[in-house]
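Residue numbers (our numbering), protein chains in the order written: chain A, 1 to 376; chain B, 1 to 395.
Here a beta-carbon is modelled for each residue, glycine too, at the ideal position from N, C-alpha and C.
As the structure is a prediction and not an experimental result, all values here were calculated from the model.
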Amino acid sequence: MNFAFSEEQEELRRTVRQFLEAKSPETEVRRLMETAEGYDTSVWKQMGQELGLQGLAIPEEHGGQGFTFIELGIVLEEMGRVLLCAPYFASAVLAANAILNAGTDEQKSALLPGIASGDTIATLAFTEPSGKWDAAGITLEAIESGGKFTLSGEKMFVIDGHVADLIVVVARTAGTSGTDGISFFTVRGDAEGLTRTSLSTMDMTRKQAKLEFNNVVAEPLGAPGSGWPAFSKTLDQAAVALSNEMMGGAQKVLEMSVEYAKVRVQFGRPIGSFQAIKHKCADMLLEVESGKSAAYYASWAAAEDNDELPVVAALSKAYCSEAYFHATAENIQIHGGIGFTWEHPAHLYFKRAKSSEIYLGDPTYHRELLAQRIGI
Amino acid sequence: MDFVDTPAEAAFRAEVRAWLGEYLRGEFAALGPGNGPSDETGWDVRVEWEKLLGADRWVGLTWPKEYGGRAANLAEQIIFNEEYTRAGAPTRLSFFGEGLFAPTLIQYGTEEQKQRFLPKIQAVEEMWCQGFSEPNAGSDLANIQTRAVLDGDEWVITGQKVWTTLAHRADWCFVVCRTEPDSTSHHGLTYLLCPMDQPGIEVRPLRQMTGSAEFNEVFFDGARTAKENALGPVGEGWKVAMATLGFERGTAFMSSQLAFEGEFADILRIAQKNGSAREPALRDELANAYAGLQVMKYNGMRMLTNLVKRGDVGPEASIGKLFWTTWHKRFGETAMSVLGADALTVQRSQDGDYEVDDLHYIFMASRAETIYAGASEIQRNIIGERVLGLPREPR
């Protein structure tokens, strides 16, 4: 038993942290969150060409570096720490894994090298206006006619859908329901009949779009109609990835709180010497460290692709979401009035935490998944 | 990261399994897992069982071989605990002796002391209790008032200890005493080893809310122990006591998570039978309990990995203690919700005494867990000050 990162993995963390501290300071986050695109093209290029981050966990035969989900988790944790504004989660996590899970070898070879290099920004469009995160939420139907598929309907909350060059769409065969008839398709971002509208997101550091499909010609990804296992697995992997990303942010707000509690003086002494504040910080540490344990273990299960993945994905998403949100809320309380201002970064993390908590399903939803998966 | 047994670990696991398969039968198997270190159910049979464990050196698993141990590494210790708990074997009796005192003795004891005490623990011929808390030294443990003075070749101990679990079963007590008369706080304390069977010691049971009396008050009135029965340097007992507390908060509770897995399975079975598993709020609560239980396991594995790398548990042990005690308390409340109206009644013993079943026991006994071995508030102070580096409260 060894529950620690290897020296190479720690080195990766240091490298990524150094890069992100230089390229994604708070000033950059604030600049980019006010832009329509929401990311910096030159930083995105450097991430792909110099560090190979977009292709980190994509197999070598498809143009990636062939590392595992554990390394991917480390990178996401560091990105979450600085609230990196970039379509990384959409492209390298959601779309890349959907293609790996659903695509044929030929499709993987065609689609993944572009994602791995960063030349292609991709995303996964699955949720609809109903806001459901499961198979039942997929109502957009794929109509087949003469061997060609067309899509009509609406997708919502599509992360970085406004800038994606390639959109992986989860749809269903006409007349099916539940987990039957789930199909993956790919559509170019500029496809005819596709209307993309940027959403005004509560968390301005992560962009989302509404996608309206009006008879959009789409290419099947894998065999149409039997996509549920691949979709379910993609959702589990996404939950694990997001858990790791959240813990990076949670660790950062804990550090902010502790630093402030050491220097802010009231009643003639640092507020961190009062148990009311000290104990808040202690509880935050407990939850942040526990969340990391869950997220790291989940990364391992995802890397091994073993049968623990569905259970640990659900439980880590539930636990880490609550830990992250609680930490960001306490961070505001510990900072007092300054923590409520626009100028202070506390609200950026607070909003990211709540959005991440709800995205892919809230803790109650994930505990219900967990209940089903362990047979409660 | 790797959570799979190495070939050596797999072989060790097979050995443990085979041993349990061979010996855990009849009246021993019938005992089943009990309710933690202070549970006294089936005491005599459990002593017999413990002696079987000791004879094959499962007691003292991690001790060096020259003291009769197996020099097992941490991975093997975990494997043993896993298999032991999975087999539903009886709760161990030796929490205070093997779990707390022995590792402290191995760290601080002289060669003579180790040779004197370890074999008796392994043979289950001597049981131990822990003399730390006093009426005015609870969370402020350093405010110890029990005094010990040298009288020739003997220490003479006078004072009172409290919350002394299983003192009425113990042959020996490791007792922290003030040996420098004018000292205060954590200075001038000495960690003495004192035999219990003597006129200078009186043990009075304290009945708990569970109805049973595993706790005691221990009165020392001129109790005597030999001069050489000081563990560690005279005047530096605080350091030794902190080592014991470190074991209590850290490694000694390693197997708790596995015991809780068993408790969860029991409650789940009841919830499925009485339909509460289908009620959304309770379903959520049960899933939450399960999530917490797994996080506890992951935390434990991370802590142990650090322990192997660094050699000590460190203040992070407080995180583990705070986590499991808080979890278990809420779990006890969940158990009552699952029972529903059945929670309203408890049994009576044959003598008509108030007596609780396993689930009521968890509900009640878990209230003590966030108090003993350093209350949750103390753990938060330790985490705040020693892990996060926050300033101490002015005192």
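{"Check": "Through-space distance from aspartate 180 of chain A to isoleucine 319 of chain B, alpha-carbon basis", "Outcome": "45 angstroms"}
{"Check": "Chain A contact residues for valine 16 of chain B, given Cβ-Cβ distances below 9 angstroms", "Outcome": "Near valine 16 of chain B there are no residues of chain A at all, since even the closest Cβ is about 15 angstroms away, more than 9 angstroms."}
{"Check": "Whole-angstrom C-beta distance between lysine 155 of chain A and alanine 125 of chain A, which should lie under 8 angstroms", "Outcome": "4 angstroms"}
{"Check": "Contact list for aspartate 284 of chain B against chain A, beta-carbon separation under 8 angstroms", "Outcome": "Thr364, Arg367, Glu368, Ala371"}
{"Check": "Amino acids of chain B, ordered along the chain, whose beta-carbon sits closer than 7 angstroms to that of asparagine 2 of chain A", "Outcome": "Met1, Asp2, Thr305"}
{"Check": "Where glutamine 77 of chain B meets chain A, residues with beta-carbon distance less than 7 angstroms", "Outcome": "Correct list: empty, because the minimum Cβ distance to chain A is about 11 angstroms."}
{"Check": "C-beta contact flag for alanine 230 of chain B and tyrosine 191 of chain B at 8 angstroms", "Outcome": "yes"}
{"Check": "7 angstroms Cβ shell around leucine 100 of chain B - same chain, five flanking residues per side excluded", "Outcome": "Gln130, Thr244, Phe247, Glu248, Ala252"}
{"Check": "Minimum Cβ-Cβ distance from lysine 262 of chain A to chain B less than 8 angstroms", "Outcome": "yes"}
{"Check": "Cross-chain neighbours of tryptophan 300 of chain A in chain B, by beta carbon under 9 angstroms", "Outcome": "Met1, Asp2, Phe3"}
{"Check": "Where lysine 317 of chain A falls, given that 16 or more other Cβ within 10 Å makes a residue buried", "Outcome": "buried"}
{"Check": "Contacting residues, own chain, Cβ-Cβ under 6 angstroms from glutamine 122 of chain B (five flanking each side not counted)", "Outcome": "Gly54, Val59, Gly60, Gly68"}
{"Check": "8 angstroms Cβ cut-off: residues of chain B touching lysine 252 of chain A", "Outcome": "By Cβ distance, chain B contributes nothing, its closest Cβ being about 14 angstroms from lysine 252 of chain A, past 8 angstroms."}
{"Check": "Methionine 47 of chain A, buried or exposed, once every other Cβ within 10 Å from all chains shown has been counted against 16", "Outcome": "buried"}
{"Check": "Cross-chain neighbours of glycine 272 of chain A in chain B, by beta carbon under 7 angstroms", "Outcome": "Leu390, Pro391"}
{"Check": "Beta-carbon proximity of threonine 161 of chain A to leucine 211 of chain A, cut-off 8 angstroms", "Outcome": "The amino acid at residue 161 of chain A is misidentified as threonine; the sequence shows glycine. Result yes, Cβ atoms of glycine 161 of chain A and leucine 211 of chain A sit closer than 8 angstroms."}
{"Check": "Separation of phenylalanine 157 of chain A from isoleucine 182 of chain A, as counted between CA atoms", "Outcome": "19 angstroms"}
{"Check": "Identity of the residue in B:Val162, B:Thr62, B:Asp140 nearest threonine 104 of chain B by Cα", "Outcome": "B:Thr62"}
{"Check": "Neighbour flag for histidine 279 of chain A against chain B, beta carbons, 8 angstroms", "Outcome": "yes"}
{"Check": "Where the alpha helix (DSSP H) through serine 293 of chain A begins and ends", "Outcome": "275-304"}
{"Check": "Reduced DSSP category for threonine 35 of chain A - H, G, I as helix; E, B as strand; rest coil", "Outcome": "coil"}
{"Check": "Separation of glutamate 128 of chain A from methionine 202 of chain A, as counted between CA atoms", "Outcome": "18 angstroms"}
{"Check": "Proximity to leucine 388 of chain B [Cα-Cα], best of B:Glu369, B:Tyr372, B:Gly314", "Outcome": "B:Gly314"}
{"Check": "Contact with chain A by isoleucine 383 of chain B, beta-carbon distance below 8 angstroms", "Outcome": "yes"}
{"Check": "Closer than 8 angstroms to chain A by CB, glutamine 145 of chain B", "Outcome": "no"}
{"Check": "Inter-residue CB distance, alanine 86 of chain A and tyrosine 39 of chain A (contact presumed, cutoff 8 angstroms)", "Outcome": "4 angstroms"}
{"Check": "Distance CB(glutamate 245 of chain A)-CB(phenylalanine 350 of chain A) smaller than 8 angstroms", "Outcome": "no"}
{"Check": "beta-carbon cysteine 177 of chain B near the ligand FMN non-hydrogen atom, thresh 7 angstroms", "Outcome": "Annotation note on the ligand FMN: not contained in the displayed structure, which lists no ligands."}
{"Check": "Sub-8 angstroms separation of glycine 73 of chain A and tyrosine 296 of chain A beta-carbons", "Outcome": "yes"}
{"Check": "Cβ contact (3+ pairs, closer than 8 angstroms) linking the segment 239-258 of chain A and the segment 305-323 of chain A", "Outcome": "yes"}
{"Check": "Distance CB(valine 168 of chain A)-CB(alanine 98 of chain A) smaller than 8 angstroms", "Outcome": "yes"}
{"Check": "Residue environment, lysine 233 of chain A, which counts as buried when at least 16 other CB atoms sit within 10 Å", "Outcome": "buried"}
{"Check": "Residues in the segment 329-362 of chain B having any Cβ partner in chain A nearer than 8 angstroms", "Outcome": "none"}
{"Check": "Under 7 angstroms (Cβ pairs) to chain B, residues found in the segment 63-94 of chain A", "Outcome": "Ile70"}
{"Check": "8 angstroms contact criterion, which proline 220 of chain A and phenylalanine 185 of chain A should meet: CB distance rounded", "Outcome": "6 angstroms"}
{"Check": "CB contact check: glutamate 37 of chain A to chain B, cutoff 8 angstroms", "Outcome": "no"}
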